[in-house]
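Enquirer:
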Amino acid sequence: MTTPEKANSTPKSSKFLLFLGCAIPYRVSSYEISTRKALAELGIELMEMPEYNCCGLPIDPVNHEMMLTLAARNLCLAERQGLNVVALCPGCAGTLRKVNKKLKENKELKEKINGYLKETGLEFKGTIEAKHILQLLVEDVGLEKIKAAVKKPLTYLEVTEHAGCHVTRPAEAVSFENPENPEALKNLIEATGAKYVEYIDKIACCGAPIAGVNDRIPLQLTREKLVHIRKAGAKALITVCPFCHMMFDTNQPRIERMFNETFKIPVLHYPQLLGLAMGFTPEELALKDLRVDTTHIVSQIIGKEEGD
Amino acid sequence: MSKANPKVKVKSSKTDEKVTSTPSAKPLSQKSEEKTLEISATAPIKAHEFDPHFKYEISKMHGGEKLMQCFQCGTCTSDCPIARFSDSYRPRTLIRMTLLGLKDRVLSSETLWLCAACFTCTDRCPQDVEVASVIRILRNTAVERGYVPLVFKELGSSILETGIAYRIPDLRLKKREQIGLPPLPKGNPEAIMKLANVTGFSKMLKKGEQA
Amino acid sequence: MGEENPRIGVFVCHCGLNIAGVIDVKELTEYAKTLPDVFYAKDNRYTCADPGQDEIRKAIKEHKLNRVVVAACSPRMHEPTFRKTCAEADLNPFFFEMANIREFSSWCHPSTPKEATEKAKDIVRMAVAKARLLRPLKEIEVPVTNKALVIGGGIAGISSALDLAEMGFRVYLLEKAESIGGHMAQLDKTFPTLDCSICIEGPKMVDVGRHSNIEIISYADLVSVSGYVGNFKVKIKKKPRYIIADNCTGCGECRDVCPIEYPNEWDVNMGVRKAISVPFEQAVPLVYTINLDHCIECYKCVDACGARQAINFDQEPEEIELEVGAIIVATGFDIYLPYDDPLYGYGKYDNVITALEFERLILAAGPTGGKVIRASDGKKPHSVSFIQCVGSRNLKKYEYCSGFCCMYALKNAILLKEKYKDDVEVYILYMDMRTAFKGYEEFYRRARDLGVTFIRGRASHVIEDPETKNLTIRAEDMTLGQPIELPAEMVVLCTAAVPKADAGDLARRLSISRGSDGFFMESHPKLKPIDTPVDGIFVAGACQAPKDIPYSVSQGSGAAARAATILSKEKWKIEPIIAEVNPELCRNTKVKCGICAERCPYGAIEVLEKQPAKVVTAMCHGCGTCVAECPADAITQKHFTDEQIFAQIEEALKEKPEGKILGFLCNWCCYAGADLAGTSRFEYPPLIRPIRVMCSGRVDRDFVLEAFRRGAGMVLVGACHLPYDCHYISGNWKMKTRMDALTPMLEKLGLSSQRFRVEYVSAAEGLKFAELMREMAEQLKELGPEKIEAENAKLKPILDRMLAKKLPQRVQQVVQQKAPQ
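Protein chains in written order, with numbering that gives the first Met the number 0: chain A, 0 to 307; chain B, 0 to 210; chain C, 0 to 820.
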């Protein structure tokens, strides 16, 4: 499996089309806001993607070819502009990546989907790449540059990650890093100076995808993870997915009530953590949009500033 | 992937163990899960229920090529996040029913819709069976028969109308302006509708209404 | 016999329905009758069976046939059979040619019987064309050195060595480690009898050490092997022990005073040994070794050794050379160490160990004195779980089943239960329990009786509790239908058996092949499981495939018997398919040349100043590289002459050549791979017309040019994989250089690049060959006959000119060669 340093051999870019997807503009603006701030600081230019549509993953269970076509349409729009795509949601990123790869490799499938796309005047050629923001940070920015951009190392903060599923799985299709031993987010967290903490079953899923059909199971799953996280002593949890974030943050009070637990573990998007380390204020990073109270960590940062 | 539909308030009962989901969807209550257990375990499975051609059909579809290599080792189920918290959801059993040709049982089963598509099973299968893809194929096939959980209909119709899976309220769009975010790109519903017709997606969505 | 006018008999085999089920054998036989010089043609249900062979012998006598063509299976299968048939009818066996219409037609083109029959007709016509030009040859006899080399001193090697020694042959037993014994000597008890392993192997090891006919060469590596069956020259390098073996009595006083300890590999690094020591007490030979990496040269050992003066720090590596007639490879296996799989935590979690480590724990003579304890706290575990199939039966790691792990897991479980009774709970997580042989199923019942719990479900994930270091195993108990989280205080991984790390290196030195799983390949998996494609070299034991002790011992004895068939003879017959220089054409008499000697992989050609080059018959292995390299076309290869090959090219491309692929396939790899494609019934379009050569080095560039001159749609040269697989060492490299120079020239002349392919296919790659055929057929279709004909029209005049210079010379050679040998 590739380690972040030795990843893809594709040349580095600094201009990307931003694929927002469906959930982020709808409910998780804090992820978008903090991302724009952090990436601008790192010299990445994000262009808006006109006319984009849902990546197709939510309706894959209904009709697979529609999913392939919807994803391919987005890839065609990006190909038209000749730019690579970065997505903040791993579901979108994983789907776009998978479909990109499948269509490039399977001639028959490509012909079929192009047959559908022809109706709207588009043709998939396979000339661009789609990435999740983690991959962009590791490959196109690089850990060194990120470390250099950190002005206030978060050395007093003990933090852990929810690795998520679609950033790395299925390994063969997404081909980013080893899903059983993911290192990218860990390295990125440590680059901010924060202390990284391990916990049992770090790579388990949060269950969010089936919350519309059965929400008891995902809540139990998420609760178990929070129990392990609490046991490991982490003071904050970092996510890179809007749905995982909703599961851990928006649903945390509910889980506490349902199962009679106390967690009070703030859940930040990675760009928010990075932003804090870069010196942005909590307001700039939309920390107030988070449901679980973050004053505790924030006060530590401010305290540090005053104490220096 | 189906997400919690925020438009409808989710009712959670006082005793938290009861399953609830969006009331407008097919309720998967405790009782209903027992029913599912019943479906997959009602003995005996009668001779007429075996359709040996089913596995060839499924393995011809994209993603199901290695289906018949499954030797029922249980790796997929052992670490499946959903199986660990469910009394009846077992990816291995869904594959088993497919291989045996228990077409009606598997396509009408409710646990078929519990897969979270996390791909842990696909990644770990020692025989390269794309377990999550086979389940997706089973779901596609179930949809053709008219089994479509409501949440997908909502997501689907939103996509056809706006291009994205949720209908974003105007308030949200205004808020973007306020905080200085660039305006959300407008979709292209005509293009999406054309694609939906030509792939058969719009037909599938309508099927759900007949079920 | 062998006069001017060929009288050819063609025998078309039905092979039951294997051929007749697809190919119209009657039509084929009638067609054969129409070919010039064919005086007799008959079809037959089973030509290789006695009645079939009888018919051939009768027909030879009745119809005065002087050439025989059998259209049936692969020559790699039955060429020797039918050569004998001819010899029995007083016909020189080299007047026989085989047309492969089974592996190369009926088996791989079942859905296109018409095309398969047409292809068979072409193949028969090609064989008849070659048969016309065959010459009588006499087998060469070489003397046999009646000594044997056994590489590897494990139980299989020991078995071979003892049997051969008892038969009266001198045996050299080469062992890489300090002592013989192999993995069996590391085990505690053996299944299903629970005999103490070293107790049953020890006496055998001592027998080997004592036997007057066996010389153990231990702590030594194989450097090179040259020569051929009956006459191998082996170079071995002995590593310095810094001990004079003859003076060492094995008393151990040096070890007692040595102050340095280091991890003992024999104990899987769980125990220690001294810088001067033996790996284990029962080592054979019982000679100590100093590990200079750890020795501090305090010389306390020299003092302790005293008058015996067995220690010599100035010892140098020693190279020795042996001459043997047969070689047995019994180098054994290693186990997979799953450091690369984070799901099991091996290497991270203290209490997750491999089965071999477990053996050393429970062994009374092991580093813990037989106590099974956890690495994390030194305490006895109350629950031990064995996880089966770690790395085995997994397409992502090793596809095969390792064979003995079910049994040794049962053994270890039973040992635990008998030692600790109800104090320890034992679980085995398995997919299948494979207990097939004598006493094995009964052993399984014994385990159940003792209370071992069997969980059918493949464990996928082991999680460690960071405080207690206890483990939780995630699996699905399939019989219950529930995912479970099984607690275990110790986890034993039963990992895959894999080929030794240097197996590839050894294969190269011996010129033997490895299968796709990395183990050494046998000649035929059913009928010749001990022979290798190289005459005189045999395999035994786990280096051929994972196997248990009784099977290894049996194979060891079997290999000894096979080797004895060579060693018991005074002379051994070698196929006379060797190269010969025509002194009148050799350029070296006029201008200094010597290209043949330089290119010969065996150095088998002598070139003296102003003298024509001369092939040393006994050293020539018959690759044909020199024949293709000679700029004067002065060398021929018997039985694979230029004329014969040109004739085959002509016949292959007689009709509709633009739709055909002409393939030059090397006997050992590509042709064998194509055979395997047929045997495995992989179907592909019937466009190829194959010409068999012994080595791809034989493929002259003129063959390729002639093929295009005659209008071939595509030309394929199929060889052994680079860099090391060529059975004639480097024939494939010479071919590559040759074709690398030819390709740009052809492309400049307007040839589409897809039309000339050089591919590397091994004998195990049947699927690859079939896929290559499908790919080439599709490309041929895409190019289309018009484009090909247009390119050919452009090429022909140029190629005519190029080859006209050479062809008359060849004709002259044929006239000369017609004189009786």
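We put the CB at the ideal spot given by N, CA and C, even for glycine.
1) Could you tell me which chain B residues have their CB closer than 7 angstroms to the CB of Q219 (chain A), listed as they occur along the chain?
2) At a CB-CB cut-off below 8 angstroms, which residues of chain B make contact with R290 (chain A)?
3) Rounded to whole angstroms, how far is the Cβ of Q185 (chain C) from the Cβ of E358 (chain C), which I believe are closer than 8 angstroms?
4) Give the single residue among C:I576, C:V626, C:L566 and C:S556 whose Cα lies nearest to the Cα of L584 (chain C).
5) Verify the CB distance criterion: does I216 (chain A) have a CB-CB separation below 8 angstroms to chain C?
6) Please list the partners that D200 (chain A) has in chain C, where partner means a Cβ-to-Cβ separation under 8 angstroms.
7) Taking 8 angstroms as the threshold (beta carbon to beta carbon), is E440 (chain C) in contact with chain B?
8) By DSSP, does Q68 (chain B) sit in helix, in strand, or in coil?
9) Put E785 (chain C) into one of helix, strand or coil per three-state DSSP.
10) According to DSSP, is V626 (chain C) helix, strand or coil?
11) Using a cut-off of 7 angstroms between C-beta atoms, extract the partners of N180 (chain A) located in chain C.
12) Give me the chain C residues within the contact set of R166 (chain B), using Cβ-Cβ distance strictly less than 7 angstroms, ordered along the chain.
13) In angstroms, rounded to a whole number, what distance separates the CA positions of S87 (chain B) and L225 (chain A)?
14) Is the Cβ-Cβ distance between G63 (chain B) and I136 (chain B) less than 8 angstroms?
15) Looking at the strands, I want to know which residues DSSP matches up with H131 (chain A).
16) Give the secondary structure of W732 (chain C) by DSSP, where H, G and I count as helix, E and B as strand, and everything else as coil.
17) Rounded to whole angstroms, what is the Cα-Cα separation between K637 (chain C) and F94 (chain C)?
18) For chain A, is any of its Cβ atoms less than 8 angstroms away from the one on V142 (chain B)?
19) Since P49 (chain A) meets chain B, which of its residues come closer than 7 angstroms, beta carbon to beta carbon?
20) Can a CB atom of chain D be found closer than 8 angstroms to the CB of A170 (chain A)?
21) List the residues of chain A that V197 (chain B) touches, going by C-beta distances under 7 angstroms, in chain order.
22) Anything in chain A within Cβ reach of P181 (chain B), meaning under 7 angstroms, just list it in chain order.
23) Name, going along the chain, the residues of the region 62-85 of chain A whose beta-carbon falls closer than 8 angstroms to a beta-carbon of chain B.
24) At 9 angstroms on the CB atoms, spell out the chain A contacts of L113 (chain B), in chain order.
25) Below 7 angstroms on C-beta distance, what does R773 (chain C) contact in chain B?
26) In three-state DSSP terms, what is F81 (chain C)?
27) When the Cβ atoms of the region 548-555 of chain C are set against those of the region 150-164 of chain C, are three or more pairs found closer than 8 angstroms?
28) Measuring only between beta-carbons, confirm whether N99 (chain A) sits less than 8 angstroms from chain B.
29) Mind checking if G456 (chain C) is an interface residue toward chain B, Cβ cutoff 8 angstroms exclusive?
30) Taking the alpha helix (DSSP H) that P826 (chain C) falls in, what are its first and last residues?
31) Measuring CB atoms only, is the region 219-232 of chain C touching the region 565-576 of chain C, in the sense that at least three cross pairs come out at less than 8 angstroms?
32) Going by alpha carbons, who is nearest to D431 (chain C) out of C:I454, C:E356, C:V68 and C:K418?
33) For E185 (chain A), which residues of its own chain have a beta-carbon under 8 angstroms away from its beta-carbon, when the five flanking residues on both sides are left out?
34) Would you call S512 (chain C) buried or exposed, if buried means 16 or more other Cβ atoms sit within 10 Å of its Cβ?
35) Excluding the 5 residues flanking A164 (chain B) on each side, which residues of the same chain have their C-beta closer than 6 angstroms to its C-beta?
36) For K188 (chain C), does the count of other Cβ atoms within 10 angstroms reach 16, so buried, or fall short, so exposed?
Expert: Result, derived from the coordinates:
1) F84
2) Per Cβ cutoff of 8 angstroms: no residues; R290 (chain A) is ~13 angstroms from chain B at best.
3) 6 angstroms
4) C:V626
5) no
6) I462
7) no
8) helix
9) helix
10) helix
11) P341
12) None at all; the shortest Cβ gap to chain C is about 38 angstroms.
13) 24 angstroms
14) yes
15) A:A86
16) helix
17) 12 angstroms
18) yes
19) P184
20) Looking at the structure shown, chain D is missing, and the protein chains on hand are A, B and C.
21) Y115 and E118
22) E47
23) N62, H63, E64, M65, T68, L69 and R72
24) I209, V212, N213 and I216
25) Ordered by position in chain B, no residue passes the 7 angstroms Cβ test against R773 (chain C), which lies about 17 angstroms from the chain.
26) helix
27) yes
28) no
29) yes
30) Nothing about residue 826 (chain C) can be reported from this structure: the residues present for chain C run from 0 to 820 only.
31) yes
32) C:I454
33) Glu is not the amino acid found at residue 185 (chain A); the sequence shown has Lys there. Hits under 8 angstroms: E160 and Y195.
34) buried
35) L154, S157 and I158
36) buried
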